[in-house]
Amino acid sequence: MTRTTFCLAFDRDHRAGGRAHRGPGPMPGPGVGGSPPAGGSVMRHGDGTTHPLDVRAWSAPADPVELRRLDGLDGPVLDVGSGPGRLVVALAERAIPALGVDASPAAVALANERGAPTLRRSVFDPLPGTGRWRAVLLFDGNIGIGGDPAPLLRRVAQLLAPAGRAIVETGRADAGLERYPARIERGDRCTEWFPWASVGAHHLAAVASDAGLDVHEILCDHGRWFVELRRPR
Ligand SMILES: C[S@@+](CC[C@H](N)C(=O)[O-])C[C@H]1O[C@@H](n2cnc3c(N)ncnc32)[C@H](O)[C@@H]1O
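Going by our numbering, the letters in the sequence shown line up with residues 123 to 355, in that order.
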């Protein structure tokens, strides 16, 4: 993951070593009250490797790289896995109609408090406007939602209007597909395991084609990779 403003998930106070999360499902949401824990949090993969998480960005506004990716988007925009609503707020400030969807109750509460309209739902649940969204966003590692980019992109293709665009943040260009169980840890507390994935830009392009989406552009901006996909007319 290039940058992670992960929803740090301490709805329930698990101890590291707790039971594994079985099957696909939403990543648990942030803590009660929506406050992320302070620094020192990591994402642990099933193989034991860990990645530090940048929790300071949790409440931060969309950064310049993200704002550039929003340039030129037409609404309505659906932000999938919208977390605290940073992108929905940025779109609203440009008078672009946008809706967030997130499976985490605390993330949704925080987003709505910030004035970012957000539905508490999985992206795989029935959603309003299916087949009519002009743009769908999967930023900040959210291509990992559900643990497999293929069904996620098929779902995105259903959500998009003809000629609609999906902006997907990926790993570096030449990275392959990795699917793994993951959990968030801080000190001796942790979330349940959830299925997650990461994929490089070129590999994502192949997955997108199988989902019926055309690759319009692959670009790198300050070390972050994005793929713009389009649903054919
Ligand atoms: C890495 S965070 C990204 C937060 C946000 N996009 C940002 O940039 O601040 C991933 C988000 O995806 C949400 N999520 C996980 N599984 C989901 C699902 N099946 N449907 C919708 N949201 C989901 C999590 O609750 C979490 O808020």
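Yeah, the Cβ is synthetic: ideal placement off N, Cα and C, and Gly gets one too.
Nearest-angstrom beta carbon gap, residue j and residue i [assumed within contact, 8 Å]
{"i": "alanine 238", "j": "leucine 195", "result": "That belief does not hold up - the Cβ atoms of alanine 238 and leucine 195 are roughly 16 Å apart, past 8 Å."}
{"i": "proline 198", "j": "leucine 221", "result": "7 Å"}
{"i": "arginine 191", "j": "isoleucine 289", "result": "5 Å"}
{"i": "proline 317", "j": "glycine 268", "result": "6 Å"}
{"i": "phenylalanine 246", "j": "glutamate 291", "result": "Contact doesn't hold; Cβ gap of about 20 Å is too wide."}
{"i": "alanine 285", "j": "arginine 355", "result": "5 Å"}
Close beta carbons around residue i, own chain, < 6 Å, minus the five adjacent residues each side
{"i": "leucine 299", "result": "Val321 and His325"}
{"i": "arginine 73", "result": "Residue coverage of the chain in this structure runs from 123 to 355, which leaves residue 73 outside it and unanswerable."}
{"i": "glycine 345", "result": "none"}
{"i": "valine 230", "result": "Asp224, Thr240 and Arg242"}
{"i": "alanine 333", "result": "Leu275, Arg276 and Ala279"}
{"i": "histidine 167", "result": "Tyr302 and Ala304"}
{"i": "alanine 323", "result": "Thr292, Ala295, Ile340, Trp347 and Val349"}
Which residues DSSP lists as bridging residue i, in chain order
{"i": "glutamate 307", "result": "Val164 and Cys312"}
{"i": "tryptophan 255", "result": "Leu282"}
{"i": "alanine 319", "result": "Arg301"}
{"i": "proline 174", "result": "Val164"}
{"i": "aspartate 343", "result": "Arg346"}
{"i": "glutamate 336", "result": "Just to set this straight, residue 336 is aspartate in the shown sequence, not glutamate. Note: aspartate 336 sits in a beta bridge opposite Arg352."}
{"i": "valine 290", "result": "Leu260 and Val349"}
Same chain, Cβ closer than 8 Å to residue i, five either side skipped, listed in chain order
{"i": "alanine 283", "result": "Gly253, Arg254, Trp255, Arg256 and Arg353"}
{"i": "proline 183", "result": "Arg208, Val211 and Ala212"}
{"i": "arginine 301", "result": "Gly269, Asp270, Pro317, Trp318 and Ala319"}
{"i": "glycine 309", "result": "Gly162"}
Near ligand 1: residue i beta-carbon under 6 Å from a heavy atom
{"i": "asparagine 234", "result": "no"}
{"i": "aspartate 224", "result": "yes"}
{"i": "aspartate 262", "result": "yes"}
{"i": "arginine 208", "result": "yes"}
{"i": "isoleucine 267", "result": "yes"}
{"i": "alanine 105", "result": "There is no way to answer for residue 105, as the model of the chain reaches only from 123 to 355."}
{"i": "glycine 205", "result": "yes"}
{"i": "serine 163", "result": "no"}
{"i": "serine 320", "result": "no"}
{"i": "alanine 304", "result": "no"}
{"i": "valine 278", "result": "no"}
{"i": "alanine 229", "result": "yes"}
Contact set for residue i: own chain, Cβ-Cβ below 7 Å, skip 5 residues either direction
{"i": "glutamine 280", "result": "Thr252 and Gly253"}
{"i": "leucine 341", "result": "Phe348"}
Residue i beta carbon near ligand 3 (any heavy atom closer than 6 Å)
{"i": "valine 245", "result": "As far as ligands go, the structure on display features ligand 1 and does not contain ligand 3."}
Minimum length 4: unbroken alpha helix (DSSP H) runs contained in the stretch 184–245:
Counting only runs that start and end inside the stretch 184–245, the alpha helix (DSSP H) elements of at least 4 residues fall at 186–192, 208–215 and 227–235.
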